[in-house]
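To convert, take the position in the sequence shown, counting from 1, and add 563; that gives the numbering used here. Heads up, the beta-carbon is just placed ideally off N, CA and C, and yes, glycines get one too. Owing to the predicted nature of the structure, the values given are computational and were not obtained by experimental measurement. Down below is the structure, laid out as structure tokens.
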Amino acid sequence: MSDAMVAARESRTANGTAQQVDVAVVGAGFSGLYLLHRLRKAGFTTVALEEAGDVGGTWYWNRYPGARCDIQTIDYSYSFDPELDKAWTWSEKYATQPEILRYLGFVADRYDLRRDIRFKTKVTEARWDEASERWQLTTDNGPPVSCRHYIMATGCLSAPKPPEIDGVKDFKGEVYFTGRWPHDGVNLAGKRVAVIGTGSSAIQSIPLIAEQAAHLTVFQRTPNFALPAHNGPPPADRKELFESDRAAYREQARQSMAGVPYPQQTVVSWQLSDAERRERFERAWAAGDLVHILTQLWADQAVDVDGNRIVQDLIREKIRAAVNDPETAAALMPDDHPFGAKRPCLDTNYYATYNRPNVTLVNLRQEPIKAITASGITTARRNVDVDVIVFATGFDAMTGAIRAVHPITGRGGRSLTDVWAQGPQSYLGLTVEGFPNFFMITGPGSPSVLSNMAVSIEQHVDWVVDRLAALRDAGFTTIEPTATAQAGWNRHMADCSMVTLHRLANTWYTGANVPGKVQGLMPYTGGVGPYRSICDEVTSRGMLGFKLTGPNVAAQCNDGEVVRLQPDVRLVLNLLASLNLPPIESMGAQGACAFVNEFNKGRPAGRPIGEIVDGTLPGPDGPLPYRVYKPATSGPHPVVVYFHGGGWVLGDEQSDEPFCRDMVRRTGMMFVSVGYRHAPEHRFPTAAEDGYAATRWIAEHAAELGGKPGPVLVAGWSAGGNIAAVTCQLARDRGGPDIAGQLLICPVTDCSFDRPSYNDNAAGYFLTRGLMYWFWDLYCSPADRTDPRVSPLRGKVEKLPPAFVTTCEFDPLRDEGIAYAEAMSAAGVPVEQLKAHGHFHSSFTMVDVVITGVSGRVQMAQALRRFAGLPEVSRGEPGPGFKIAAAAS
Ligand code: N01
564 MSDAMVAARE SRTANGTAQQ VDVAVVGAGF SGLYLLHRLR KAGFTTVALE
614 EAGDVGGTWY WNRYPGARCD IQTIDYSYSF DPELDKAWTW SEKYATQPEI
664 LRYLGFVADR YDLRRDIRFK TKVTEARWDE ASERWQLTTD NGPPVSCRHY
714 IMATGCLSAP KPPEIDGVKD FKGEVYFTGR WPHDGVNLAG KRVAVIGTGS
764 SAIQSIPLIA EQAAHLTVFQ RTPNFALPAH NGPPPADRKE LFESDRAAYR
814 EQARQSMAGV PYPQQTVVSW QLSDAERRER FERAWAAGDL VHILTQLWAD
864 QAVDVDGNRI VQDLIREKIR AAVNDPETAA ALMPDDHPFG AKRPCLDTNY
914 YATYNRPNVT LVNLRQEPIK AITASGITTA RRNVDVDVIV FATGFDAMTG
964 AIRAVHPITG RGGRSLTDVW AQGPQSYLGL TVEGFPNFFM ITGPGSPSVL
1014 SNMAVSIEQH VDWVVDRLAA LRDAGFTTIE PTATAQAGWN RHMADCSMVT
1064 LHRLANTWYT GANVPGKVQG LMPYTGGVGP YRSICDEVTS RGMLGFKLTG
1114 PNVAAQCNDG EVVRLQPDVR LVLNLLASLN LPPIESMGAQ GACAFVNEFN
1164 KGRPAGRPIG EIVDGTLPGP DGPLPYRVYK PATSGPHPVV VYFHGGGWVL
1214 GDEQSDEPFC RDMVRRTGMM FVSVGYRHAP EHRFPTAAED GYAATRWIAE
1264 HAAELGGKPG PVLVAGWSAG GNIAAVTCQL ARDRGGPDIA GQLLICPVTD
1314 CSFDRPSYND NAAGYFLTRG LMYWFWDLYC SPADRTDPRV SPLRGKVEKL
1364 PPAFVTTCEF DPLRDEGIAY AEAMSAAGVP VEQLKAHGHF HSSFTMVDVV
1414 ITGVSGRVQM AQALRRFAGL PEVSRGEPGP GFKIAAAAS
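Structure, rendered in structure tokens:
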């Protein structure tokens, strides 16, 4: 019997007899309403259980003065039905809470959704019943519910946080929470009011409360960045863009990073002049749009502490100008977190409100609250008597509402609270291992609060409902993620979090606002568009990472991790794949060189350094070009002889310029990049002999070049790593020069192609097995290939300089690099290895493109400094008060 038939038979239940449905949804906000609509259309029987008296979710509860959305309302709307889109017109750029609530009511009416919603009904407990393979939900009002699938559509910011301040109960005046504001409003006229908190809710309500109250005292623990909303009618340009092609506009939003159709910025801060940066900033300030200012200034603002600090300074300047009293202005200026790492706010007259004579700011960093008393609030310095206290203290975000149903008991009697004891674990932010047929909409692990929720909600709901329909049609009755898939997702989450600056702030994104909550970045930071494509990939790869079972079908489990690459590496490889380039080896040597030169022109040039000087040095058969990269600090600096990559065929002394500049900045050392000769004109052993000769000459002329005389270091990437390794062996065997250390990045070390990495990564990661064959054929005849001057792994590896060997997981050359490191180590050479997970052959040289390569380059730079006997530099302290040292700069 189908679930729908069971439901039809038992749909009229008395109290106590479970209501039988295919799918139970908890919540009737943006997510719950759309779920009901989609589930119904897909033929599922459904009920939504909603604690509130009507639809609206967060917009039902958050009725405090000034409550509005802070994503432009054109974007903060459903897009699933073009007719609905046309039937509703927003009156303001940022709609008020009442208008948004009216909209959700309009949607509920239009699709007749209320008939399947049980209002004033709270789910108190949920239990998976193994025998019937159904969830049993207990409620505080009306019958329990038995359902095949159980979906939490409870929102991320719906469980208000308790006040956590002693004495609240003693207070004799009125107490309100912004997140549970009385429906009849509150009369604050002539009253002395305290607002505790300066998050979005407070920043929206403070200006309006100040207009009514006799006196308003704001108790601020952490200042927030706030930008003027410039509210009014929807901006004409945006409206026009939307109305000219609604479908394209919505599609662009779906593929974007934040769920709002803005393009990806490519220009980085240091490529712009001060005037250009200010011009961009002023335009963003005037736009009054959070997503604009968070994404459109410069590409590094959200990923690099230096790029971010420029925005912070410009905003602090605005605060200084808006607030008359310098002490108050200083207290209002955030200085403990990067802009955007904590949720910034949109305001209307927020800063100017502090110029009113009836408003006082209490800086809790200087005078913490000691207690709430019968008459008001006592801080370390004063008693403030008030009639009303407004707690704008926020939410137990992302997990609070899910865990409010307690216990949620999954397979084997395990409760979700226990499973999440060390922080939320999920697959795709949608499902949890051990909890079959359980789904979360915008749960922890999904982009949710870091995106336009309307877009994310629709994506989640569509994906879940489409999957449920497909499973049903195939005869499956249960779906559950595997442990492997979930662990992979958690690792991918961690990888993504290293790209952004969110980890540098204590926020509700990380759980830091709730005492005792396990801390960790909860939303997915990889972006809305990439997230969507990952969910689609799970489907197209046969429900990768899910176990499916059904009574009359064979169980299916296509186990695995959906993303094993670093997030930015994935984007780069997807982009390269979308270009449909012909294989490099099909271009011929000349064509390939021209292609690489053209390709390099499109990349960021690299950050400024002290000086760049070109010259030539005498090679074995004539002059060889070189390029010197010098630090901005005064020298002389230790010298690193560098060999570029390119399979002994491609590139030149300038082709790894961004990498050389980056390493010069990080090491404070001088790099001399050598233009060794290439195949096919100059075959083996030319590159090796040029490399050795150049190193010898540079060591002898270090002082003339502006470097420090004495031992040099060698470094190289790919075939350049091969030349660096060979140079060390030749220098040992031929009586010098003295080499203090070698940095080998994804080096070629051997002519054998049978190691697993050659097969695992044969195609799809830019450097292919076919391309390596081609390089080898052009450079070296088969008879010469075992010569240590091209296969250093076959040479003597004793008594070599200390080495740092970097290898990448998705590189055909991975295993030979590791083999070389291990061989040197076994021979007594001090060796450090970086085995970079999720990276590909070019990860570390694609500076400012592959941001996740930064920490690896930091390690490489530290190693070079150690080899040169320089002290360790403490990198990237992002500024006063930042809790976590950044490797992101
Ligand atoms: O909550 P918050 P919110 N003693 O957590 C302070 C969304 N939203 O309701 O930062 C003293 O941001 C706390 O201080 P600190 C939006 O995503 C959207 O304002 O922890 N102070 C902080 O200042 C937003 O980010 C809209 O040091 C205490 C404040 O209270 C999210 O909801 C509107 C304290 C809480 O700020 C949450 O916003 C409103 C204590 N014990 C909200 N405990 C729009 O769409 C907490 N604080 C426009």
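Quiz item: How close, in whole Å, do the beta carbons of L1363 and C1291 come, if the pair is a contact with beta carbons under 8 Å?
Solution: 5 Å
Quiz prompt | Sufficient close CB pairs (3 or more, under 8 Å) joining the segment 766-779 to the segment 797-804 | solution = no
Practice problem: Under the assumption that Y1192 contacts C1156 (Cβ atoms under 8 Å), give the Cβ distance between them as a whole number of angstroms. | Solution: At roughly 22 Å, the Cβ-Cβ gap does not stay under 8 Å, so Y1192 and C1156 are not in contact.
Quiz item: Closest to I714 by CA distance: which of V1027, V1360, L1064 and F1039 is it?
Solution: When each option's Cα is compared against that of I714, the closest is V1027.
Quiz item: In this structure, does DSSP put K1398 in helix, strand or coil?
Solution: Secondary structure of K1398 (DSSP, three-state): strand.
Self-check item: Whole-Å CB distance - E655 paired with N871, under 8 Å assumed
Solution: With a Cβ gap of about 31 Å, E655 and N871 do not count as contacting.
Practice problem: Identify, in the order they occur along the chain, each residue of the same chain with its Cβ nearer than 6 Å to the Cβ of Q1396, setting aside the five sequence neighbours on each side. | Solution: V1368 and A1384
Practice problem: Give the single residue among G718, Y1328, A1242 and Y674 whose Cα lies nearest to the Cα of A964. | Solution: G718
Quiz item: Going along the chain, which residues of its own chain have a beta-carbon closer than 7 Å to the beta-carbon of R697, five neighbours each way excluded?
Solution: S709, C710 and R711
Quiz item: Can you tell which of P786, V1275 and A904 has the C-alpha that lies nearest to the C-alpha of A1257?
Solution: The option with the nearest alpha carbon to A1257 is V1275.
Quiz prompt | 7 Å CB neighbourhood of A570 in its chain, flanking five on each side removed | solution = Because A570 carries a pLDDT of 38, less than 50, the predicted location of this residue cannot be relied on, and the following value inherits that uncertainty. Counting only Cβ-Cβ distances below 7 Å, and skipping sequence neighbours, we find Q583, V584, D585 and T608.
Quiz item: Just to check, is the beta-carbon of R906 closer than 6 Å to a non-hydrogen atom of the ligand N01?
Solution: In this structure, R906 has its CB closer than 6 Å to one or more heavy atoms of the ligand N01.
Quiz prompt | Simplified DSSP state of N1137, which is helix, strand or coil | solution = helix
Exercise. Confirm the yes/no value for this check: CB of I1414, any heavy atom of the ligand N01, distance under 6 Å.
Key: no
Quiz prompt | Endpoints, alpha helix (DSSP H) assigned at G595 | solution = F593 to K604
Self-check item: the segment 1089-1106 / the segment 816-825 touching (three or more Cβ pairs under 8 Å)
Solution: With the cut-off at 8 Å, the segment 1089-1106 and the segment 816-825 touch.
Quiz item: Near A838, what residues of its chain come up, given a Cβ to Cβ distance below 6 Å and the 5 sequence neighbours on each side ignored?
Solution: none
Self-check item: Inter-residue Cα distance where the pair is A587 and P725
Solution: 29 Å
Quiz item: Considering only residues of the segment 1134-1209, which uninterrupted alpha helix (DSSP H) runs meet the minimum length of 4 residues and lie entirely inside it, listed in chain order?
Solution: 1151-1164
Quiz item: The alpha helix (DSSP H) spanning Y639 covers which residue range?
Solution: No alpha helix (DSSP H) holds Y639; DSSP gives it neither H nor E.
Quiz item: Enumerated in chain order, which unbroken segments of the beta strand (DSSP E) with a length of 3 residues or greater are wholly contained in the segment 696-737?
Solution: 697-702 and 708-715
Exercise. Would you kindly work out how many angstroms separate the C-alpha atoms of N1015 and Q635, rounded to a whole number?
Key: 9 Å
Quiz item: Can T956 be considered in contact with the ligand N01, in the sense that its beta carbon sits closer than 6 Å to one or more heavy atoms?
Solution: yes
Quiz item: Near F1247, which residues of its chain fall below 6 Å by C-beta distance, leaving aside the five closest residues on each side in sequence?
Solution: Y1342, C1343, D1347 and V1353
Exercise. Compute the Euclidean distance between the alpha carbons of Q834 and K1164, then round it to the nearest angstrom.
Key: 15 Å
Self-check item: Residue from S1103, V1132, P1194 and T1249 whose Cα sits closest to the Cα of D1184
Solution: T1249
Self-check item: Uninterrupted alpha helix (DSSP H) stretches inside the segment 899-966 (no shorter than 4 residues)
Solution: 913-916 and 963-966
Quiz item: Looking at G736 and V947, is the spacing between their C-beta atoms short of 7 Å?
Solution: no
Quiz prompt | Inter-residue spacing [alpha-carbon to alpha-carbon] between I940 and A849 | solution = Cα to Cα, I940 sits roughly 38 Å from A849.
Self-check item: Spatial distance of G1284 from P901 (CA atoms)
Solution: 37 Å
Practice problem: Apply the 10 Å Cβ neighbour rule to G1105 and answer buried if 16 or more other Cβ atoms are within range, or exposed otherwise. | Solution: Classification of G1105: exposed, given that the 10 Å Cβ count is below 16.
Practice problem: Please find out if some non-hydrogen atom of the ligand N01 comes closer than 6 Å to the beta-carbon of I663. | Solution: no
Exercise. Report the rounded CA-to-CA distance for V1413 versus V1436, giving the unit in angstroms.
Key: 23 Å
Quiz prompt | Residue closest to H1264, alpha-carbon to alpha-carbon, out of R1240, P1199 and T785 | solution = P1199
Exercise. Have a look at S1019, G1083, E1100 and Q1119 and flag the residue whose alpha-carbon is nearest the alpha-carbon of T1045.
Key: Looking only at S1019, G1083, E1100 and Q1119, the smallest Cα-Cα distance to T1045 is reached by Q1119.
Quiz item: Can the beta-carbon of T972 be found closer than 7 Å to that of N1000?
Solution: no
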